[in-house]
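Residue numbers for the sequence shown follow this note's numbering, so the first one is 1 and each next one is one higher. By construction, the Cβ of each residue, glycine as well, lies at the ideal position given by its N, Cα and C atoms.
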Amino acid sequence: MAGDVDLEQQRESSDERQTKIVDVLVDAFSELMDADPNAFRQKFRKMAADPFAFYRGSACLFYADMEREEDRWADERTSRAWIQGDLHAENFGTYMAGDGVFVFDVNDFDEAYLGHFTWDIKRMVASVALLAWMKAISDGDIASLIKTYVHAYVEQVRYFVESDRDHEYALRLETTDGEIKEILLETRLNTRVGLLDDMTLINENFERRFRRSPGVRELDDSERARVHAAYEAYLETIPETKRFRSLTYEVKDIVGRQGFGIGSAGLPAYNILVEGPTQALENDVVISMKQGNVAAPSRIVDDERIKGYFKHNGHRTAVSQRALQAHADPWLGYTEIDGVGFVVTELSPY
């Protein structure tokens with residue numbers, strides 16, 4: 001009899017959890033689902049097929065759970081730290097900084113916001129545990145991995161507190177070894193020409209244009225004009241110190257884009273082909289202009305000072321990336337289309 005009662009309680013608990021998951025996802029994504037149901041069919045199918053894909057696509061659920069958690073490390077200061085917001089093991093990668101140096105760092109800031117610093121740690125730890133579990137690593141080894149990660153985090157924070165050169169810190173070829181150095185070395189093999197060959201072609205007038213391949217959407221004259229105007233406004237958001245004197249920033253082509261990652265499903269986006277530093281075709285630049293999403297942590301951080309600081313979610317994403325990344329993309333900026341915020345970055349081969 002007692003076993004039957006326990007089983008019934010577990011079933012009720014499971015049913016309640018399923019209901020909560022559905023409610024949270026609907027609350028977070030209903031507007032985007034209405035706008036692009038096909039994108040969310042694909043998103044949810046990927047999430048249903050893979051536990052880590054589910055984790056990546058449900059940051060809103062993570063924060064719904066964090067809202068109920070007691071956090072003994074959170075006070076007036078530590079509960080308002082700038083956080084990445086979706087820190088997991090697949091949100092790291094390489095890029096070329098404005099000074100031409102390759103850097104390994106966090107590379108996704110769509111969910112960045114101000115909140116408890118522990119939220120980033122917990123989300124990263126959970127991702128490590130989940131990936132390890134999927135690879136059939138033992139519970140003891142998973143616990144050891146997590147302990148190593150947290151100890152390394154504490155040591156790095158201690159360095160930042162005690163050092164007067166913390167602003168110079170970055171994971172570069174000269175400062176890394178092991179797997180991260182290997183990744184940085186492999187990145188050097190990528191080329192801008194390779195990226196351009198994948199995404200563009202040379203037409204009969206010897207001009208580079210985007211390929212009209214799957215996932216690319218042709219724009220009518222009205223939409224193209226709105227995107228071009230948004231691009232011109234975006235240029236004013238690039239800090240003076242980041243602007244390229246050798247670039248004309250001339251637009252050569254604009255297309256709509258679909259098929260971004262699980263976390264960006266349904267968000268309108270555009271690619272813009274821009275003249276490079278010379279008239280040579282091999283140094284043209286591809287710019288991504290993507291609608292900013294509602295940051296998952298913002299759903300549980302009730303602070304009007306923070307909300308009032310950001311003009312829109314494109315502005316929030318760009319400002320957060322500059323605050324959190326070692327050396328941010330020199331093309332990073334923001335703009336608006338029809339009153340909706342967009343974040344703008346380079347689609348880099350690195």
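Original post:
Considering only residues of the same chain and omitting the five flanking positions on each side of Lys-46, which have a CB-CB separation below 8 Å?
Top reply: Position 46 of the sequence shown, counted from the first residue, corresponds to residue 46. Answer for Lys-46: Ala-53, Gly-57, Ile-262, listed in chain order.
Subject >> DSSP bridge partner residues for Asp-166 (one or two, in chain order) >> reply: Within the sequence shown, the letter at position 166 stands for residue 166. None, per the DSSP bridge assignment.
**OP:** Output the distance between the C-alpha atoms of Lys-311 and Gly-292, rounded to the nearest integer angstrom.
**Re:** Sequence index remark: in the sequence shown, residue 311 carries index 311 (1-based). Sequence index remark: in the sequence shown, residue 292 carries index 292 (1-based). Approximately 11 Å, taken between the alpha carbons.
Original post:
What are the uninterrupted segments assigned as alpha helix (DSSP H) that are 4 or more residues long and contained completely in the stretch 83-141, given in chain order?
Top reply: Within the stretch 83-141, the complete alpha helix (DSSP H) segments at least 4 residues long are 117-134, listed from N- to C-terminus.
**OP:** Determine the DSSP secondary structure at Tyr-334, reduced to helix, strand or coil.
**Re:** Taking the sequence shown and counting its residues from 1, the one referred to as residue 334 is at position 334. Of the three classes helix, strand and coil, the one that applies to Tyr-334 here is strand, per DSSP.
**OP:** Going by CA-CA distance only, name the one from Pro-297, Leu-184, Asp-177, Glu-207 that's closest to Gly-93.
**Re:** Stepping through the sequence shown from its first residue, residue 93 is reached at position 93. Ranking the options by Cα distance to Gly-93, first place goes to Leu-184.
**OP:** Mark Pro-428 as exposed unless 16 or more other C-beta atoms lie within 10 angstroms of its C-beta, in which case mark it buried.
**Re:** Residue 428 lies beyond the residue range present for the chain, which begins at 1 and ends at 350; the question has no answer from this structure.
Subject >> Whether Tyr-231 touches Val-251 by CB criterion (9 Å) >> reply: Indexing the sequence shown from 1 puts residue 231 at position 231. Indexing the sequence shown from 1 puts residue 251 at position 251. A contact, by the Cβ cut-off of 9 Å.
**OP:** Could you have a look at Arg-245 and say whether DSSP puts it in helix, strand or coil?
**Re:** In the sequence shown, residue 245 corresponds to position 245, counting from 1. Residue state, collapsed to three classes: coil.
Original post:
Is it a yes or a no for the stretch 93-113 touching the stretch 138-153, going by three-plus beta-carbon pairs under 8 Å?
Top reply: no
**OP:** Go ahead and label Lys-20 buried or exposed: buried means 16 or more other beta carbons lie within 10 angstroms of its beta carbon, across all protein chains shown.
**Re:** Translated into the one-based positions of the sequence shown, residue 20 becomes position 20. By the 10 Å Cβ count, Lys-20 comes out exposed.
**OP:** Run the CB neighbour count on Pro-239, radius 10 Å, all protein chains shown included, and call it buried at 16 or more, exposed below.
**Re:** Here the question's residue 239 lines up with position 239 in the sequence shown. Around the beta carbon of Pro-239, fewer than 16 other beta carbons sit within 10 angstroms, so the residue counts as exposed.
Subject >> Trp-73 classed as buried or exposed, judged by whether at least 16 other C-beta atoms fall within 10 angstroms >> reply: Translated into the one-based positions of the sequence shown, residue 73 becomes position 73. Around the beta-carbon of Trp-73, fewer than 16 other beta-carbon atoms lie within 10 Å, marking it exposed.
Original post:
For the putative contact between Leu-130 and Tyr-55, defined by C-beta atoms under 8 Å, what is the C-beta separation to the nearest angstrom?
Top reply: As a first step, residue 130 is located in the sequence shown; it is residue number 130 there, counting from the start. As a first step, residue 55 is located in the sequence shown; it is residue number 55 there, counting from the start. Between Tyr-55 and Leu-130 the Cβ distance is about 6 Å, and since that is below 8 Å, they are a contact.
Subject >> 8 Å Cβ shell around Phe-40 - same chain, five flanking residues per side excluded >> reply: Taking the sequence shown and counting its residues from 1, the one referred to as residue 40 is at position 40. Result list for Phe-40: Phe-29, Leu-32, Met-33, Ala-265, Gly-266, in chain order.
Original post:
Can you pull the DSSP bridge partners for Gly-341?
Top reply: Translated into the one-based positions of the sequence shown, residue 341 becomes position 341. Glu-336.
Original post:
Quick one: is Glu-204 buried, meaning 16 or more other Cβ sit within 10 Å of its Cβ, or exposed?
Top reply: For the purposes of this step, residue 204 is taken as residue 204 along the sequence shown, with counting starting at 1. It counts as exposed.
**OP:** Pull up the distance between the alpha-carbon of Asn-91 and that of Lys-43, whole angstroms please.
**Re:** Stepping through the sequence shown from its first residue, residue 91 is reached at position 91. Stepping through the sequence shown from its first residue, residue 43 is reached at position 43. Approximately 17 Å, taken between the alpha carbons.
Original post:
When you compare only the Cα positions, how much space is there between Ser-79 and Glu-70?
Top reply: One-based indexing of the sequence shown puts residue 79 at position 79. One-based indexing of the sequence shown puts residue 70 at position 70. If you take the alpha carbons of Ser-79 and Glu-70, they lie about 12 Å apart.
Original post:
Going by DSSP, what residues sit across from Lys-290 in a beta bridge?
Top reply: Reading the sequence shown from its first residue, position 290 is the one you call residue 290. Its beta-bridge partners are Ala-269, Val-343.
Original post:
Count the other CB atoms within 10 Å of the CB of Glu-168; is the residue buried (16 or more) or exposed (fewer)?
Top reply: Along the sequence shown, one-based indexing puts residue 168 at 168. Exposed is the call here.
Original post:
When DSSP labels each residue in this structure, what does Leu-201 get in the three-state scheme?
Top reply: Locating residue 201 in the sequence shown gives position 201, where the first residue counts as 1. Three-state result, Leu-201: strand.
Original post:
Is the closest heavy atom of the ligand MG to the C-beta of Val-24 under 8 Å?
Top reply: With respect to the ligand MG, the structure shown offers nothing to examine, as it has no ligands at all.
**OP:** Determine the direct distance from the alpha carbon of Phe-117 to that of Met-66, and round the result to whole angstroms.
**Re:** For the purposes of this step, residue 66 is taken as residue 66 along the sequence shown, with counting starting at 1. For the purposes of this step, residue 117 is taken as residue 117 along the sequence shown, with counting starting at 1. Near 12 Å, if we compare the C-alpha coordinates of Phe-117 and Met-66.
Subject >> Assumed close pair Val-344, Tyr-234 - CB separation to whole angstroms, cut-off 8 Å >> reply: Here residue 344 is taken as the residue at index 344 of the sequence shown, counted from 1. Here residue 234 is taken as the residue at index 234 of the sequence shown, counted from 1. With a Cβ gap of about 5 Å, Val-344 and Tyr-234 count as contacting.
Original post:
For the putative contact between Trp-119 and Leu-324, defined by C-beta atoms under 8 Å, what is the C-beta separation to the nearest angstrom?
Top reply: Start at 1 with the first residue of the sequence shown, and residue 119 comes out as number 119. Start at 1 with the first residue of the sequence shown, and residue 324 comes out as number 324. With a Cβ gap of about 14 Å, Trp-119 and Leu-324 do not count as contacting.
**OP:** Express the C-alpha separation of Thr-176 and Gly-100 in angstroms, rounding to a whole number.
**Re:** Working through the sequence shown from its first residue, we reach residue 100 at position 100. Working through the sequence shown from its first residue, we reach residue 176 at position 176. Approximately 17 Å, taken between the alpha carbons.
Subject >> Inter-residue Cα distance where the pair is Gly-171 and His-88 >> reply: The sequence position of residue 171 within the sequence shown is 171, counting from 1. The sequence position of residue 88 within the sequence shown is 88, counting from 1. For clarity, residue 171 is Leu in the given sequence; the question names Gly instead. Going from the Cα of Leu-171 to the Cα of His-88 covers about 18 Å.
Subject >> Spatial neighbours of Val-150 in its chain, beta-carbon cut-off 8 Å, leaving aside the 5 residues before and after >> reply: Working through the sequence shown from its first residue, we reach residue 150 at position 150. So the qualifying residues of the chain are Ile-121, Val-125.
Original post:
Any idea what DSSP makes of Phe-160, helix, strand or coil?
Top reply: Here residue 160 corresponds to residue number 160 of the sequence shown, with the count starting at 1. Here Phe-160 sits in helix by DSSP.
**OP:** Note down the Cα distance separating Arg-158 from Ala-229, rounded to an integer number of angstroms.
**Re:** Here the question's residue 158 lines up with position 158 in the sequence shown. Here the question's residue 229 lines up with position 229 in the sequence shown. Distance between the alpha carbons of Arg-158 and Ala-229 is about 46 Å.
Subject >> Nonlocal neighbours in the same chain, by C-beta distance under 8 Å from Val-227, ignoring five residues either side >> reply: Here residue 227 corresponds to residue number 227 of the sequence shown, with the count starting at 1. Once the five neighbours on either side are set aside, the close Cβ partners of Val-227 are Leu-219, Ile-254, Tyr-270, Ile-272, Met-289, Ile-337.
Subject >> Cβ neighbours of Asp-75 in the same chain (closer than 6 Å, five flanking residues each side left out) >> reply: Looking up residue 75 in the sequence shown gives position 75. Closer than 6 Å at Cβ, skipping near neighbours: no residue.
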